[in-house]
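So the structure is just underneath, and the comments pick up after that.
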DNA sequence: CAAACTCCCTGTTAGC
DNA sequence: TGCTAACAGGGAGTTT
């Protein structure tokens, strides 16, 4: 699933292929993908505009569109989204949701199997980006800031790190990886972490994100959007050996999210309020099932 | 106000 | 082997 490094890769890919080109028209194949669009139809709004800049903010791909009135087009890839640039003569692919035809005979294809991805078209970027927290690879992201953001909270560290309004761009993979590298249990209440944890955690987050960015994202083999070379140490490696201590990697659930960790490198906090459910054990009955 | 829960989706997989 | 139901997950919206 695309997180900051994968989105950064997408942005770099798009930068060299679409910056400076103009949009001829757009076709919406799944209407709900367009989550924000003031005024006329999406296609009418973007037709004729020039893509002057492609950038990233958190997990969002941003495009500045210069036209009759300036617009910003943001794309959130969510779970399964990808943006590709293909010759316009190529057929529509399964799961293509939006196609943007460009002036050079190519087109941007927003492909999104699970339909969670969204596009936001707006004249004011702040409307989309306002709620996002600090960029974790920026100089602004200091140990002091991290501590100030989190230390006063009672919630577990993992859901706090996933909160995009605090830090923008971390997802399940890189949070698990960062907590492992810093030896912090994901259920540790933020307020229980020692002073030096914040320095370590900031360092782990930046190291891992930088490494993943330079390797073009995480290698899954099955992902359409990923395809990078970053190899997780614990994420998705339940039952395998911890690279640091050779202990067994466990999988638990934290805040409804699958969570991977090494229990000997990341000792359990004393008074975890949540139950720890091991995948390998007897499966707990799932108490929440929707009714419709 | 912070935190937790619900729902959106479909390909994959566990379980029988 | 074939089928079904559970599962996965980011974040907007809702509830506690």
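Numbering (the numbering used here), first residue to last: 169 to 460.
Glycine residues also receive a C-beta, built at the ideal position from the N, C-alpha and C atoms.
These numbers come from a predicted model, not from an experiment.
For the region 246–283, there is no continuous alpha helix (DSSP H) assignment of 4+ residues that stays within its boundaries. Here residue 400 is buried. Its C-beta has 16 or more other C-beta atoms within 10 Å. Using a Cβ distance threshold of 7 angstroms, residue 197 and residue 298 do not count as a contacting pair. For residue 309, no beta strand (DSSP E) segment is defined, and its DSSP state is neither H nor E. With contacts defined as CB atoms closer than 7 angstroms, residue 437 and residue 355 qualify as a contacting pair. Of 184, 276, 245, 261, the smallest CA-CA separation from residue 254 is found for 276.
Where residue 402 is concerned, there is no enclosing beta strand (DSSP E), because DSSP gives it neither an H nor an E. Between residue 189 and residue 272, the CB-CB gap stays under 7 angstroms. Taking a cut-off of 8 angstroms for Cβ pairs, the region 357–373 and the region 310–324 touch, as three or more such pairs fall below it.
Rounded to the nearest angstrom, the Cβ distance from residue 332 to residue 300 is 6 angstroms, consistent with a contact under 8 angstroms.
For residue 418, the enclosing beta strand (DSSP E) has its first and last residue at 417–422. A distance below 6 angstroms between beta-carbons, with the five flanking residues on each side excluded, links residue 411 to the following residues of its chain, in chain order: 401. When rounded, the separation of the alpha-carbon atoms in residue 228 and residue 220 is 17 angstroms.
By the Cβ criterion, the region 244–252 is in contact with the region 280–290, since at least three pairs of Cβ atoms, one from each stretch, lie closer than 8 angstroms. A residue is called buried when at least 16 other Cβ atoms come within 10 angstroms of its Cβ; residue 260 does not meet this threshold and is exposed. Within the model, the alpha-carbon separation for residue 422 versus residue 169 is close to 18 angstroms.
Annotation for residue 171: 227, 337, 338, 339, 341, 342 place their beta carbon closer than 7 angstroms to its own, counting only its chain and skipping 5 residues before and after. Using a 10 angstroms sphere on the CB of residue 244, the tally of other CB atoms reaches 16 or more, which defines it as buried.
Residue 208 counts as exposed, since fewer than 16 other beta carbons sit within 10 angstroms of its beta carbon. The continuous alpha helix (DSSP H) containing residue 341 extends over residues 340–350.
In this structure, DSSP gives residue 434 a state outside helix and strand, which the three-state scheme calls coil. Where residue 380 is concerned, the enclosing alpha helix (DSSP H) starts and stops at 363–382. Here the alpha carbons of residue 294 and residue 212 stand approximately 22 angstroms from one another. C-alpha of residue 290 to C-alpha of residue 231: approximately 11 angstroms in a straight line. Nearest Cα to residue 263 within the set 222, 199, 428: 199. In the three-state reduction of the DSSP assignment, residue 425 falls in the strand class. In terms of Cα proximity to residue 176, the closest of 357, 430, 380 is 380.
Under the DSSP assignment, residue 212 falls in the alpha helix (DSSP H) whose first and last residues are 210–214.
Straight across, the Cα-Cα distance linking residue 405 with residue 267 is about 36 angstroms. Under the three-state reduction of DSSP, residue 408 is assigned to coil, being neither helix nor strand. The shortest CA-to-CA distance from residue 270 to any of 181, 202, 194, 323 is the one to 194. Per DSSP, reduced to three states, the secondary structure at residue 193 is strand.
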